[in-house]
Amino acid sequence: MTYVVTENCIKCKYMDCVEVCPVDCFYVGAETLVINPDECIDCGVCEPECPAEAIKPDTEPGMEGWIAFNAKYAALWPNVTEKGDTPEDAKEWDGKPGKLEAVFGSSDPASA
Ligand code: SF4
Ligand code: SF4
Numbered sequence: 001m002t003y004v005v006t007e008n009c010i011k012c013k014y015m016d017c018v019e020v021c022p023v024d025c026f027y028v029g030a031e032t033l034v035i036n037p038d039e040c041i042d043c044g045v046c047e048p049e050c051p052a053e054a055i056k057p058d059t060e061p062g063m064e065g066w067i068a069f070n071a072k073y074a075a076l077w078p079n080v081t082e083k084g085d086t087p088e089d090a091k092e093w094d095g096k097p098g099k100l101e102a103v104f105g106s107s108d109p110a111s112a
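One point on numbering: in full-length UniProt numbering, the residue at position 32 of the sequence shown is 32, and numbering is uninterrupted.
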């Protein structure tokens with residue numbers, strides 16, 4: 001079992017999550033973060049830290065595609081352990097539907 005970062009992280013990137021992770025398993029891209037499912041120890045500490053409520057346990061329904069998304073990009077993106085600057089437009093994007101398709105070109109996280 002692992003925790004995964006889901007759609008509402010896109011364009012938010014508050015990064016409150018990364019500094020609490022005891023095993024430093026967050027990875028950062030230009031528009032969002034992911035968790036490496038092979039490194040996450042399932043402690044759950046990051047979940048309540050995310051103001052965008054974008055971090056979910058993979059036991060929730062419909063997480064299969066997000067596990068694939070997190071695994072794929074964790075292998076491609078650099079590790080991140082320190083909170084960066086939040087984008088100025090983060091609040092505008094919080095909760096907006098269709099962010100995955102707008103940024104990654106697919107509404108299916110498994111093929112994004
Ligand atoms: S706190 Fe939430 S929205 Fe922010 S970077 Fe972490 S997972 Fe993404
Ligand atoms: S559940 Fe724990 S180990 Fe996994 S990403 Fe969150 S803080 Fe890190």
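Think of the CB as a built atom: it goes at the ideal place given N, C-alpha and C, for glycine as much as any other residue.
The model shown is predicted, which means the values in this text are computed figures rather than measured ones.
{"Query": "For the segment 62 to 77 against the segment 33 to 40, are there 3 or more C-beta pairs whose distance is under 8 angstroms?", "Result": "yes"}
{"Query": "What is the C-beta distance between V18 and E88, in whole angstroms, given that I count them as a contact (C-beta under 8 angstroms)?", "Result": "Incorrect: roughly 20 angstroms between the Cβ atoms, too far for contact."}
{"Query": "Any heavy atom of ligand 1 closer than 7 angstroms to the beta-carbon of A68?", "Result": "no"}
{"Query": "What does a CB cutoff of less than 6 angstroms around L33 pick up in its chain, not counting 5 residues either side in sequence?", "Result": "V5, C9, F26"}
{"Query": "Taking 8 angstroms as the threshold (C-beta atoms), are A52 and residue 144 in contact?", "Result": "Here the chain has residues from 1 to 112 only, and residue 144 is not among them."}
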